[in-house]
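Using the numbering used here, the first residue of the sequence shown is number 1394, and each one after it goes up by one. Where a beta carbon is used, it is the ideal one built from N, C-alpha and C, also for glycine. Here the structure comes first, spelled out in structure tokens, and everything after it is commentary.
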Amino acid sequence: MPTPLPNADSPKSNASPCRSSAGLESDQRATFPIDRWSVSGAALIATAMATILYFMGRQVWCDCGNPTPWSWEVNSSHNSQHFIDPYTFTHVLHGVVFFAILWLFRSASIPWFGRAIPLLPAQRLLIALLIEAAWEILENTPLVIDRYRAATISLDYYGDSIANSLADLASCLIGYLIASRLRWQSSLVLFVVTEVVLMATIRDSLILNVIMLVFPNEAILRWQAA
């Protein structure tokens, strides 16, 4: 008995590859942490951070007055005073790390006036930016500035300019968004490669920065100063 041809009106058992691909792309867009609320929240966080830093007495820009947006001299008074410097890349890695940590809480919810609000991608992004902004404020307190000068090679460090702190916050955002589009293996490669390049070029990195700030090591300090 011949097999009847499928009727055009009959339901299809399997979706076409094109539709499957489109569905996957739609799912990816649905988890992308940028929407109008996250944009507004990010702007509010940046404004609040800059305002707090201003009232803490932080200067807006480098004392030199040079409008150049970057400075690659690590051991100089220009470091952390312009928009971009070698440590900008460590703040990109902040975003990568924050994404990885907050991803573990993707199924969590926040209690809010008796309701449980799911921790959506956009909300996790804002939490990452809040953490970064809080660190920028803490980093510019006398306690941390003195710690950097006493325990690391940053002898000329007197805190960040407001412009540099805003750029660091933006760098964290960029790192977070990059990690949100990569597989974890690719994010790990990005982290390792960035760390290695920084160690090879400026003898410092995110990991070394944390070690020297929390558990100063004389051998590392001598290597960095060589």
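Within the model, the alpha-carbon separation for LEU1614 versus TRP1505 is close to 47 Å.
In the DSSP assignment, SER1564 forms no beta bridge with any residue. In this structure GLY1507 is exposed. Its beta-carbon is surrounded by fewer than 16 other beta-carbon atoms within 10 angstroms.
In terms of Cβ geometry, LEU1559 and ALA1436 do not form a close pair [threshold 8 Å]. In the structure shown, ALA1509 falls within a strand segment according to DSSP collapsed to helix, strand and coil. Exclusion of the five residues before and after SER1598 leaves GLU1588, LEU1591 and MET1592 as the residues of its chain whose Cβ lies within less than 6 Å of its Cβ. DSSP places TRP1577 inside the alpha helix (DSSP H), whose first and last residues are 1577 to 1595. Membership of GLU1532 in the alpha helix (DSSP H) is indicated by the continuous run 1514 to 1532.
Going by beta carbons, TYR1447 and ILE1555 fall inside the 8 Å limit. When the alpha-carbon of GLY1568 is set against those of LEU1518, TYR1551 and ALA1543, the nearest one is in LEU1518. With 16 or more other Cβ atoms from the protein chains shown falling within 10 Å of its own Cβ, ASN1472 counts as buried.
For the set ASP1553, ILE1595 and VAL1586, the Cα lying nearest the Cα of VAL1453 is the one of ASP1553. Per DSSP, ALA1501 lies in no alpha helix (DSSP H) and is assigned neither H nor E. Each of VAL1489, PRO1514 and ILE1477 was checked against the Cα of SER1500, and the nearest Cα belongs to PRO1514. Straight through space, the alpha carbons of LEU1512 and LEU1495 are spaced by roughly 9 Å. For the 8 Å CB-CB criterion, ILE1546 and GLN1617 form a contact. Here TRP1463 is bridged, per DSSP, to ILE1477.
Per DSSP, MET1449 lies in no alpha helix (DSSP H) segment and is marked neither H nor E. Rounded to the nearest angstrom, the Cβ distance from PHE1491 to ALA1521 is 4 Å, consistent with a contact under 8 Å. With a contact defined as Cβ atoms closer than 8 Å, SER1469 and ASP1539 miss out at about 19 Å. Inclusion of SER1580 and VAL1485 in the CB contact set at 8 Å is not warranted, their separation being larger than that value. For a cut-off of 8 Å, the C-beta gap from SER1573 to THR1481 is around 19 Å, too long to register as a contact.
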